[in-house]
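The next block holds one structure in the form of structure tokens; read it before the comments.
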Amino acid sequence: MISLKGMTWDHSRGFDPMVATSKKFQEIHNSEVSIHWDKRPLQAFADRPIEEMTDDYDLIVIDYPHVGEVASKGLLQNLDLPQYEHQIAELKKQSVGKSHQSYFINNKQWALAIDAASQTACYREDLIGSYPLNWNALIGLAKNNRVLWPLKPVHAISSFYSIYNNLTEELIPEKKNFINKNYGIKTLTMMKAVSNELIKDCFTMDPIQTAELMTETNEFYYCPYIYGFSNYSRKNYRKKILKYIDVMDLSGKGPAGTHLGGTGIAVSNVSKNKDLALEYAFWIASADCQKSIFYESGGQPGNSEAWKDLKINSETNDFFKATRKTLDLAWVRPRHNGYMEFQDQSGDIINEYLQSEIKAESICEKLSDMYNDSFKE
Numbered sequence: 220m221i222s223l224k225g226m227t228w229d230h231s232r233g234f235d236p237m238v239a240t241s242k243k244f245q246e247i248h249n250s251e252v253s254i255h256w257d258k259r260p261l262q263a264f265a266d267r268p269i270e271e272m273t274d275d276y277d278l279i280v281i282d283y284p285h286v287g288e289v290a291s292k293g294l295l296q297n298l299d300l301p302q303y304e305h306q307i308a309e310l311k312k313q314s315v316g317k318s319h320q321s322y323f324i325n326n327k328q329w330a331l332a333i334d335a336a337s338q339t340a341c342y343r344e345d346l347i348g349s350y351p352l353n354w355n356a357l358i359g360l361a362k363n364n365r366v367l368w369p370l371k372p373v374h375a376i377s378s379f380y381s382i383y384n385n386l387t388e389e390l391i392p393e394k395k396n397f398i399n400k401n402y403g404i405k406t407l408t409m410m411k412a413v414s415n416e417l418i419k420d421c422f423t424m425d426p427i428q429t430a431e432l433m434t435e436t437n438e439f440y441y442c443p444y445i446y447g448f449s450n451y452s453r454k455n456y457r458k459k460i461l462k463y464i465d466v467m468d469l470s471g472k473g474p475a476g477t478h479l480g481g482t483g484i485a486v487s488n489v490s491k492n493k494d495l496a497l498e499y500a501f502w503i504a505s506a507d508c509q510k511s512i513f514y515e516s517g518g519q520p521g522n523s524e525a526w527k528d529l530k531i532n533s534e535t536n537d538f539f540k541a542t543r544k545t546l547d548l549a550w551v552r553p554r555h556n557g558y559m560e561f562q563d564q565s566g567d568i569i570n571e572y573l574q575s576e577i578k579a580e581s582i583c584e585k586l587s588d589m590y591n592d593s594f595k596e
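According to our numbering, the sequence shown is numbered sequentially starting from 220.
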């Protein structure tokens with residue numbers, strides 16, 4: 220038997236579909252091929268350099284901001300191969316928003332979107348009849364201790380981007396002038412007006428912890444910016460279910476500019492079983508797999524054919540239908556080699572600002588200098 224190894228992230232949405240699809244892939248190959256999956260914590264998923272994994276794993280589930288590192292170091296297999304030309308074209312057409320495009324850099328495709336996500340809003344339908352449609356209403360709900368907002372550093376910078384991009388012109392990743400200072404100050408001030416009213420746990424929480432608390436207790440009704448997790452909209456996944464919706468329109472241009480997330484599947488450039496790894500990667504990203512076994516085993520598809528599926532929406536409290544506009548208008552983060560260090564440090568700075576008396580103006584100046592420095596590599 221030929222054995223492959225894969226690395227994914229530690230949540231039922233990230234791990235269970237890989238195990239289920241690998242079992243099916245083994246059946247397709249008459250038990251002559253197996254794929255074993257390891258998993259790492261969500262933070263490690265964002266932090267651990269890909270070069271520490273390509274020697275050990277044939278398949279790696281990655282976050283697209285790592286693509287710049289990949290392109291500069293030749294760590295992964297370029298997927299623009301003649302034998303997969305048709306599949307690449309199909310997957311590009313079936314992308315949810317810019318999910319497929321987010322793994323394309325230097326005119327090469329480095330991964331295939333298997334999971335599509337961005338920051339959305341969510342609330343408990345059984346506890347609240349309506350949700351805030353403007354910032355003042357959000358502040359009012361927060362004052363009543365009904366709002367959760369994951370502001371752990373990496374999610375603090377995510378929310379900053381989502382709000383900033385909706386207030387004004389989206390940040391253009393390739394430009395070194397990070398943000399418009401006035402809108403940066405406005406974004407930070409808006410965030411602090413809400414965060415001042417939140418429980419302190421929010422500053423260390425991630426989207427999974429937030430969704431767990433919102434579904435296991437009846438204390439909190441609403442979250443303004445959180446990565447969408449369709450699992451928490453499925454009946455019997457937790458005690459209660461969440462309703463995910465488009466984010467607030469802050470400037471009249473709709474739910475635009477949110478922080479695009481999701482994951483892609485990549486193939487190590489030094490895999491000894493590259494042909495089989497490629498076959499699995501293209502199959503798991505295909506519409507047929509995504510709207511059947513991938514979704515059924517707990518995955519959140521990255522293929523638009525699954526997002527449009529009526530049965531899937533009926534089983535997930537219309538998660539995909541209700542957040543599709545936000546996904547289609549979501550913003551692709553910078554991906555240059557050197558960005559990941561900036562993302563880590565900027566999140567720490569914004570998280571600290573929200574809990575201190577530091578001036579927003581100085582934060583914007585520091586972020587701009589750091590962003591400029593991130594291009595030096």
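Quick reminder that beta carbons are idealized off the backbone N, C-alpha and C, glycines included. Note that the structure is predicted; figures quoted are calculated from it, not measured.
- From the listed residues A506, D334, Y303, L352, the smallest Cα separation to Y342 is found for L352.
- Beta-bridge analysis with DSSP links K578 to no other residue.
- Fully contained in the region 445 to 529 are the following beta strand (DSSP E) runs of length 3 or more, in chain order: 462 to 464, 482 to 486.
- At a Cβ-Cβ threshold of 8 Å, A525 and K510 count as neighbours.
- Of all alpha-carbon atoms in S314, K472, E416, R554, the one lying nearest the alpha-carbon of I358 is that of E416.
- Every beta strand (DSSP E) of 3 residues or more that sits fully in the region 337 to 407 is shown, in chain order, as 338 to 342.
- Going by beta carbons, S231 and H255 fall outside the 8 Å limit.
- When DSSP states are grouped into helix, strand and coil, R554 belongs to the coil group.
- Judged by DSSP in its simplified three-state form, D229 adopts coil rather than helix or strand.
- A Cβ-Cβ distance of about 19 Å is found for the pair K317 and N297, leaving them out of contact under the 8 Å criterion.
- Restricting attention to T542, L497, Q428, the CA atom closest to the CA of Y463 is found in T542.
- By the Cβ criterion, the region 568 to 585 is not in contact with the region 491 to 507, since fewer than three pairs of Cβ atoms, one from each stretch, lie closer than 8 Å.
- Annotated three-state conformation of A335 is coil, per DSSP.
- When secondary structure is reduced to three states using DSSP, F323 falls in the strand class.
- P553 is a Cβ neighbour of P284, given a cutoff of 8 Å.
- With contacts defined as CB atoms closer than 8 Å, K458 and E438 fail to qualify as a contacting pair.
- Taking a contact as a CB-CB distance under 8 Å, the pair W368 and Y444 counts as one, their CB atoms being some 6 Å apart.
- In the three-state scheme derived from DSSP, where H, G and I count as helix and E and B as strand, P284 is classed as helix.
- In terms of CA proximity to D547, P474 leads the group N399, P474, G566.
- Counting only residues of its own chain and dropping the five nearest sequence neighbours on each side, N556 has a CB closer than 6 Å to the CB of G287, E288, S291, E596.
- Buried is the label assigned to M237, since at least 16 other Cβ atoms lie within 10 Å of its Cβ.
- T408 sits exposed, since fewer than 16 C-beta atoms from the chains shown fall within 10 Å of its C-beta.
- Beta-bridge annotation (DSSP): R259 is paired with W228.
- Beta-bridge analysis with DSSP links I221 to V252.
- In the three-state scheme derived from DSSP, where H, G and I count as helix and E and B as strand, Q306 is classed as helix.
- The beta carbon of A549 sits closer than 6 Å to those of G316, S337, T477, L479, all from its chain and outside the five residues before and after it, given in chain order.
- In this structure, DSSP gives L295 an extended state, which the three-state scheme calls strand.
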